[in-house]
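S.K.: I'd like to ask some things about the structure below.
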Amino acid sequence: MKANMKKAFAALLCMMMCLSLYAQDKSGSVVGKWSYSAPDAPYGYQEGTCQFKENGGKLSAVFTISGSEMTVGEIKKENETYKCEFYVDGTDVYLTFRQVDKNKLSGNADAGGMEIPVVFTKTANADSAK
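When the letters of the sequence shown are read in order and numbered with mature numbering (1 follows the signal peptide of the UniProt record, and there is no 0), they come out as residues -23 to -1, 1 to 107.
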């Protein structure tokens, strides 16, 4: 009986550790500072930084492109896809992206019918990005 209890306890302990490790892998948040690359974008817009922020459960962002800051007031999450819309130099831009892993986002920007692939790489977590 004692041997069975030890085995059951060991199995339960292993299962709890596996679940906590699994949760850590999936818990990467988009909140923090990211650099982005969009090689197919028009000149001056191919790279920059983005600071994703969460306030009251709502996600927003501040993009820095060629030294200029642009705020995106709301980013919506539908299933595993993030979506937002903003206006840049007379053009509506629709950005959709997904979190590939805790340090990488990948998506597309639709700027006036032009599909532009965009890749984000995390440079700082939310705590260290403040």
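Note that CB positions come from ideal geometry on N, CA and C, so glycine has one too.
The beta strand (DSSP E) spanning G50 covers which residue range?
M.R.: S45 to E55
S.K.: Using DSSP bridges, identify the partner residues of N85.
M.R.: Beta-bridge pairing links N85 to T73 and P94.
S.K.: Go ahead and label G50 buried or exposed: buried means 16 or more other beta carbons lie within 10 angstroms of its beta carbon, across all protein chains shown.
M.R.: By the 10 Å Cβ count, G50 comes out exposed.
S.K.: Alpha carbon to alpha carbon, how far is T98 from G89?
M.R.: 25 Å
S.K.: Taking the alpha-carbon positions, what's the N80 to G67 distance?
M.R.: 31 Å
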